[in-house]
Amino acid sequence: MRTTASILHLDLDAFFAAVEQRDKPSLRGKPVIVGGTGGRGVVSTASYEARKFGVGSAMSTREARARCPHAAFLGGRFHAYRETSKRVMQVLRDLSPLVEPLSLDEAFVDLAAAGLPDLDVATVTEAGERLRASVHEVTGGLTATVGIASSKFLAKVASELDKPDGMTVVPPGTELDLLRPMKVTVIPGVGPATAERLRRAGIHTIAELERVGEDELVGLLGQALGQGLWRLARAQDSRPVVVEREAKSVSVEGTYDTDITDRRLMEGLLTRQAKEVGTRMRKNGTSGRTVTIKVRLHDFTTLSRSSTLSSPTDDGSTIARVARSLLGDLDTTGGVRLLGVGMSGLADWVQEDLFGDEPGEEEPEDVVLPEPPRRSWPPGADVVHDEMGPGWVWGAGSGVVTVRFETAETPPGPVRSFRADDPALHRFEPPAED
2 MRTTASILHL DLDAFFAAVE QRDKPSLRGK PVIVGGTGGR GVVSTASYEA
52 RKFGVGSAMS TREARARCPH AAFLGGRFHA YRETSKRVMQ VLRDLSPLVE
102 PLSLDEAFVD LAAAGLPDLD VATVTEAGER LRASVHEVTG GLTATVGIAS
152 SKFLAKVASE LDKPDGMTVV PPGTELDLLR PMKVTVIPGV GPATAERLRR
202 AGIHTIAELE RVGEDELVGL LGQALGQGLW RLARAQDSRP VVVEREAKSV
252 SVEGTYDTDI TDRRLMEGLL TRQAKEVGTR MRKNGTSGRT VTIKVRLHDF
302 TTLSRSSTLS SPTDDGSTIA RVARSLLGDL DTTGGVRLLG VGMSGLADWV
352 QEDLFGDEPG EEEPEDVVLP EPPRRSWPPG ADVVHDEMGP GWVWGAGSGV
402 VTVRFETAET PPGPVRSFRA DDPALHRFEP PAED
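Residues 2 to 435 (this note's numbering) make up the sequence shown, in order.
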């Protein structure tokens, strides 16, 4: 355990939505929701203006529209998010060589490797403020919230306390004072099901969790989770900042525009996904032992089933065979809207399949899904007009595309409508990455 507040956690505020507001001046200060814009879409990020109406990540787009119908609903522009994230990660690496990215908008930084004169609270506080100012500068105005503490767990908790655009430093020795009044749900791994089991045991806060013995927690939650929560309730977390995080699983999934009821089609889709998982593992020089399928039914119920092999494999046909057998345990008669296959228990070696394909089992032929109508002009997409210049899709339908012409460097711009097949209007194509 560290005796200094030397681990920093940075979280960019409402990142995807903030990038959209930066690049679309007319949306600044207004509710913006980024994610799937169709009937089956899911919210990826909501701006703070939208969160006031109860919109949050992972909410269905349909519910988000009901809660905040006046919001701007935009599809993602991942080239813009990746480019902005690269700038932020470079700022972090300029501060310390030990940076552990968690996603495009989140990372841990080890300040003990930053070359600071000391790790006193005042010194790390000043470093955190300089970092936030640098992020604001290189991103064109985006804000980040920072937490600094003696462990990853505490730094992550601290970064949630002063959002948005804030910073919290937890002085060494005060960690338990901060944690004890908090609800147990601030601990990673305590989801709704675990929280309910703890509630039934009379445990609501970390102070109450701290009073429970390790053996009792293991009996209640199992060894891994019970021991982990017992340690975190006492602010015990010695995990280092790891520059390269090793993948724990490889998975592929797909969501479909109409419910799939044909069992043969489901098996074919799982087979295709399993082969893609195998290809990815071979490319990365890894293999896996545990095959998992994910199935979301017509009523949004999500089911998963897993099976562990006796030895690791990267063979797509073997993964597919197990995935199809797992599907056989599920009732999918009402239809399926999402299917996925994943491999975990990754290793860097492969045991050859000594037994080959199971006799009598034919692999499904490759399947072809009916192509849904392609939305050539998704809301929020970057476009360029030969005369008007750069802008973004405000809306489209009935053969008409409406565009607002503005960029991050201009004031809110004019709105014009064009035929969808207007030869002067083009989708912006970001430069290919190296």
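All C-beta atoms in this analysis are idealised placements derived from N, C-alpha and C, irrespective of residue type, glycine included.
Computed from a predicted structure; not experimentally measured.
Taking a contact as a CB-CB distance under 8 Å, the pair proline 313 and serine 288 counts as one, their CB atoms being some 4 Å apart. Between valine 122 and proline 172, the alpha-carbon positions lie close to 6 Å from each other. Shortest Cα-Cα distance from leucine 310 to any of Glu277, Arg338, Arg201 and Ala348 involves Ala348. With a cutoff of 8 Å on beta-carbon distance, alanine 51 and alanine 19 are scored as not near each other. Pairing isoleucine 207 with aspartate 330, the inter-Cα distance amounts to about 39 Å. Contact between phenylalanine 17 and valine 43 is ruled out by a C-beta separation of about 13 Å, above the 8 Å threshold. Distances from the CA of threonine 85 to each of Thr195, Ile188, Ser135 and Arg181 were compared; the closest alpha carbon is that of Ser135.
In this structure, lysine 295 places its C-beta atom within 8 Å of the C-beta atom of glycine 341.
Shown here for lysine 153: same chain residues with a beta carbon closer than 8 Å to its own, the five before and five after excluded, namely Ile8, His10, Phe109, Asp238, Arg240 and Val242 in chain order. Comparing alpha-carbon positions, the option among Gly37, Met90 and Glu430 lying closest to glutamate 64 turns out to be Gly37.
Put simply, the backbone Cα of alanine 321 is about 9 Å away from that of glycine 269.
In this structure, Gly148 is the residue among Leu339, Val191, Val337 and Gly148 with its C-alpha nearest to the C-alpha of alanine 159.
Here threonine 293 is buried. Its C-beta has 16 or more other C-beta atoms within 10 Å. For isoleucine 207, the enclosing alpha helix (DSSP H) has its first and last residue at 207-211. With respect to the C-alpha of proline 379, the residue from Met389, Val394 and Gly390 having the closest C-alpha is Val394.
When secondary structure is reduced to three states using DSSP, glycine 414 falls in the coil class, being assigned neither helix nor strand.
Taking the Cα of arginine 283 as reference, the smallest distance to any Cα among His299, Val251 and Thr272 is reached at Val251. Relative to the Cα of valine 337, the nearest Cα in the group Glu254, Gly286, Ala382 and Thr408 belongs to Glu254. Taking C-beta atoms as the reference points, arginine 78 and aspartate 383 count as a pair closer than 8 Å. In the DSSP annotation of this structure, the continuous segment of the beta strand (DSSP E) that includes methionine 168 starts and ends at 168-170. Going by C-alpha positions, glycine 317 is about 14 Å away from glycine 286. Under the DSSP assignment, glutamate 107 falls in the beta strand (DSSP E) whose first and last residues are 107-111.
About 34 Å separates the beta carbons of serine 97 and leucine 75, which is beyond the 8 Å limit, so they are not a contact pair. The beta-carbon separation of arginine 325 and threonine 272, rounded to 7 Å, stays under the 8 Å limit for a contact. No alpha helix (DSSP H) of 4 residues or more sits fully in the region 229-277.
In this structure, the CA atom of glutamine 22 is about 22 Å from the CA atom of serine 61. Contact fails between the region 124-143 and the region 209-228, because fewer than three Cβ pairs, one in each stretch, are under 8 Å apart. When only Cα atoms are considered, glycine 55 and arginine 68 end up about 7 Å apart. Contact between leucine 120 and threonine 5 holds, with the beta-carbon distance rounding to 4 Å and staying under 8 Å.
Beta-bridge analysis with DSSP links glycine 317 to no other residue. For the pair glutamate 130 and methionine 168, the CB atoms are nearer than the 8 Å cut-off. The region 144-209 is shown to contain whole beta strand (DSSP E) runs of 3 or more residues at 145-150 and 168-170, in chain order. Short of 8 Å from the beta carbon of methionine 90, and not among the five residues preceding or following it, lie these beta carbons of its own chain, in chain order: Val100, Pro102 and Ala108. Measuring C-alpha to C-alpha distances from lysine 249 to each of Gly343, Val404 and Asp387 identifies Gly343 as the nearest.
In summary, lysine 53 is exposed, with fewer than 16 beta-carbon neighbours lying within 10 Å of its beta-carbon over all protein chains present. Secondary-structure assignment with DSSP links serine 7 through no beta bridge to anything.
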